[in-house]
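Peer 1:
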Amino acid sequence: MQRSLEEINERIARGEAVVLTAEEAARLRESEGVKAVSNKVDVVTTGTFGMMCSSGLFLNTGHTDPPSRFQRAFLNDVEAYGGIAAVDLYIGATQVSQTNPRYGGAHVIEALLRGEPVRLRAEGARSDCYPRESVEGEITLKNLNQAFLFNPRNLYQNYAAATNSSSRVLYTYMGKLLPGYGNIMYATSGELSPLLKDPKLRTVGIGTRLFLGGAIGYVAWEGTQFNANPKRDATGMPISPGATLALVGNLKEMSTDFIRAAYIPGYGVSLFLGIGLAIPLLDEDLAETASRPDSQIKTVVLDYGVARRQRPVVGEFTYKELKSGWVEIMGKRTRTGSRTSIRISRQVALTLKSWIKEGRFTLSHFTRPLPVEGRTLPWEV
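According to this note's numbering, the sequence shown holds residues 720 to 1100 in order.
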């Protein structure tokens, strides 16, 4: 069945839209087939809650009296970038505190969101415009003029799982990898994963509205390391890292239910972030991809025991296999684990579903499509 975005939005406005989460759509497909999904469902909601290292916060404190320019600044002893305008700052999620290696930019972002005061100290060169050389005091989210996430790379379209062939334990952003293929860690929510539900990016582009950290956010641009040509299966589904998105959203509207700071031993600080897309089922092709279950979505496994840019692929599994808890790799029965919270990913999809049912969230046309060509280039040094 074919339907337009405008028709779907009209059904949302009338309270008639049929909205399912990606898990619910997959179960309907398994019981009644793809045509039933296409005929019965208007929108499929998705969700993920995982590490989004390439994230950060722009903030504006307002001018001091006398005025000062923040050329070097620290928030709770975490350095923020001040090379913008006078009292604008950007703090990256993975920037680490000068005094506590287990604390970083992600913790500052979460602290602000929780309403906690954050200590700001800043300094800059004296000038006629900005005669005050240094400033120190407390800020809160409430008294900031602006505080918005701008995340250069979020929401990988599939992410390679990780294992370790070496003889020692590896501490990575994928978690603790045990020696001798002792475990496999994966980092995608499978059948809930947003960009896997629209693998050709037909409904996602610059300007697309989405769920970001418990609020409405937007696609600002293609994400860094965007790969338009990942390895794909026979149906066109990516089975290695593909598209990424640069996202923007107002921190003042977000919720700590969907934003959490974390320290990963041996790696550092990161930000766990809930993100969800609403996929309009414009035709049967989108109904097919949006309802595809874990048993039909694969990812590759890379060997982090090989300390090279191009790590070898040592396996390929469906998310149903990975979520079962055990797989066989290199002749060995191996435990699997997820860096993504499936429970909170599900909550993202359910929350987005409720927003649509309540008429709080409508679907948007993008203003520009994402690239269909191009690849990620290495730096040869």
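Quick reminder that beta carbons are idealized off the backbone N, C-alpha and C, glycines included. Just so we're clear, the structure is a prediction, and the values are computed from it rather than from any experiment.
Around the Cβ of residue 788, are there at least 16 other Cβ atoms within 10 angstroms (buried) or fewer (exposed)?
Peer 2: Numbered from 1 along the sequence shown, position 69 holds the residue referred to as residue 788. Classification of residue 788: buried, given that the 10 Å Cβ count is 16 or more.
Peer 1: Leaving out the 5 sequence neighbours to the left and right, which residues in its chain are closer than 6 Å to residue 828 when beta-carbon positions are compared?
Peer 2: On the sequence shown, position 109 is the one that residue 828 refers to. Correct list, in chain order: 776.
Peer 1: Report, in whole angstroms, the separation of the C-beta atoms of residue 933 and residue 977, which I expect to be a contact under 8 Å.
Peer 2: As a position in the sequence shown, residue 933 is number 214, starting the count at 1. As a position in the sequence shown, residue 977 is number 258, starting the count at 1. Taking 8 Å as the upper bound for CB-CB distance, residue 933 and residue 977 are in contact here, some 4 Å apart.
Peer 1: Suppose the cutoff is 7 Å on Cβ atoms and the five residues either side in sequence are ignored; what does the same chain contact list for residue 1013 look like?
Peer 2: For this step, residue 1013 is matched to residue 294 along the sequence shown. 909, 910, 1037, 1038, 1039, 1042, listed in sequence order.
Peer 1: Does the separation of the CB atoms of residue 1082 and residue 957 fall below 7 Å?
Peer 2: Sequence index remark: in the sequence shown, residue 1082 carries index 363 (1-based). Sequence index remark: in the sequence shown, residue 957 carries index 238 (1-based). Cβ atoms of residue 1082 and residue 957: not closer than 7 Å.
Peer 1: Using alpha carbons as the reference points, say which of 880, 821, 895 lies closest to residue 887.
Peer 2: Numbered from its first residue, the sequence shown carries residue 887 at position 168. Closest by alpha carbon: 895.
Peer 1: Determine the DSSP secondary structure at residue 829, reduced to helix, strand or coil.
Peer 2: In the sequence shown, the residue the question calls residue 829 occupies position 110. Residue 829: helix per DSSP, three-state reduction.
Peer 1: If contact is defined by three or more beta carbon pairs under 8 Å, each pair taking one atom from either stretch, is the stretch 767-781 in contact with the stretch 862-882?
Peer 2: yes
Peer 1: What first and last residue would you give for the alpha helix (DSSP H) that runs through residue 746?
Peer 2: Locating residue 746 in the sequence shown gives position 27, where the first residue counts as 1. Note, residue 746: alpha helix (DSSP H), 741-751.
Peer 1: Using DSSP with H/G/I as helix, E/B as strand and the rest coil, what is residue 877?
Peer 2: Mapped onto the sequence shown, residue 877 falls at position 158. Three-state DSSP puts residue 877 in coil, outside helix and strand.
Peer 1: Quick check on the DSSP output: what are the complete beta strand (DSSP E) runs of length 3 or more inside the stretch 1005-1088, in order along the chain?
Peer 2: When DSSP assignments are scanned along the stretch 1005-1088, the uninterrupted stretches of beta strand (DSSP E) that are 3 or more residues long and fall wholly within it turn out to be 1017-1022, 1032-1037, 1045-1048, 1051-1057.
Peer 1: As an exercise, report each continuous beta strand (DSSP E) stretch of at least 3 residues that is fully enclosed by the stretch 915-981, in chain order.
Peer 2: DSSP runs (the beta strand (DSSP E)) wholly in the stretch 915-981: 928-931, 934-941, 964-969.
Peer 1: Here's the rule: buried if 16 or more other CB atoms are within 10 angstroms of the residue's CB, otherwise exposed. What is residue 1049?
Peer 2: Against the sequence shown, residue 1049 aligns to sequence position 330. Exposed, because fewer than 16 other Cβ atoms sit within 10 Å of the Cβ of residue 1049.
Peer 1: Between which two residues does the beta strand (DSSP E) carrying residue 857 extend?
Peer 2: Taking the sequence shown and counting its residues from 1, the one referred to as residue 857 is at position 138. Its beta strand (DSSP E) spans residues 853-858.
Peer 1: Taking the C-alpha atoms as reference points, what is the distance between residue 744 and residue 1010?
Peer 2: Taking the first residue of the sequence shown as position 1, residue 744 is located at position 25. Taking the first residue of the sequence shown as position 1, residue 1010 is located at position 291. Roughly 5 Å between the two C-alpha positions.
Peer 1: What are the boundary residues of the alpha helix (DSSP H) that includes residue 730?
Peer 2: Against the sequence shown, residue 730 aligns to sequence position 11. For residue 730, the enclosing alpha helix (DSSP H) covers residues 724-732.
Peer 1: What residues are listed by DSSP as bridge partners for residue 777?
Peer 2: Within the sequence shown, residue 777 is the residue found at index 58, counting from 1. Answer is 809, 867.
Peer 1: Would you identify the three-state DSSP class for residue 757, choosing helix, strand or coil?
Peer 2: Residue 757 sits at position 38 when you count from the first residue of the sequence shown. Helix at residue 757.
Peer 1: Pick out whichever of 907, 925, 979 has its Cα sitting closest to the Cα of residue 965.
Peer 2: Within the sequence shown, residue 965 is the residue found at index 246, counting from 1. A check of alpha carbon separations from residue 965 across 907, 925, 979 identifies 925 as the nearest.
Peer 1: Give a yes or no on whether the C-beta atoms belonging to residue 816 and residue 796 are separated by under 7 Å.
Peer 2: The residue labelled residue 816 in the question sits at position 97 within the sequence shown. The residue labelled residue 796 in the question sits at position 77 within the sequence shown. Yes, they are a contact pair.
Peer 1: So, with DSSP's three-state summary, where would you put residue 1092?
Peer 2: Numbered from 1 along the sequence shown, position 373 holds the residue referred to as residue 1092. Three-state result, residue 1092: coil.
Peer 1: Near residue 1047, what residues of its chain come up, given a Cβ to Cβ distance below 8 Å and the 5 sequence neighbours on each side ignored?
Peer 2: Locating residue 1047 in the sequence shown gives position 328, counting from the first residue. Taken in chain order, the residues that qualify are 1053.
Peer 1: Enumerate in chain order the residues of its own chain whose CB-to-CB distance from residue 727 is below 7 Å, with the five nearest sequence positions on each side excluded.
Peer 2: For the purposes of this step, residue 727 is taken as the residue at position 8 of the sequence shown. Closer than 7 Å at the Cβ level, and outside the excluded window around residue 727, lie 736, 761, 762, 999, 1082.
Peer 1: So, for residue 738: in the same chain, excluding its five sequence neighbours on each side, which residues have a beta-carbon less than 7 Å away from its beta-carbon?
Peer 2: Numbered from its first residue, the sequence shown carries residue 738 at position 19. Only 761, 762, 764, 1072, 1075, 1076 meet the Cβ criterion.
Peer 1: Evaluate residue 959 with the Cβ neighbour count: other Cβ atoms within 10 Å of its Cβ, from every protein chain shown; 16 or more gives buried, anything less gives exposed.
Peer 2: On the sequence shown, residue 959 is found 240 positions in, with the first residue counted as 1. Its Cβ being crowded by 16 or more others within 10 Å, residue 959 is buried.
Peer 1: Taking the Cβ atom as the reference point for each residue, do residue 831 and residue 874 lie within a distance shorter than 7 Å?
Peer 2: For this step, residue 831 is matched to residue 112 along the sequence shown. For this step, residue 874 is matched to residue 155 along the sequence shown. No. Outside cutoff.
Peer 1: Could you spell out where the beta strand (DSSP E) holding residue 837 opens and where it closes?
Peer 2: Here residue 837 refers to the residue found at position 118 of the sequence shown. In the DSSP assignment, residue 837 falls within the beta strand (DSSP E) that extends over 837-842.
Peer 1: Look at residue 720 and residue 990 and say whether their C-beta atoms are less than 7 Å apart.
Peer 2: Residue numbering aside, residue 720 sits at position 1 when the sequence shown is read from its first letter. Residue numbering aside, residue 990 sits at position 271 when the sequence shown is read from its first letter. It is not a contact, given that the beta carbons lie outside the stated cut-off.
Peer 1: If you measure between the beta carbons of residue 1018 and residue 877, is that distance less than 7 Å?
Peer 2: The residue you call residue 1018 lines up with position 299 of the sequence shown. The residue you call residue 877 lines up with position 158 of the sequence shown. The answer is yes: Cβ separation under 7 Å.
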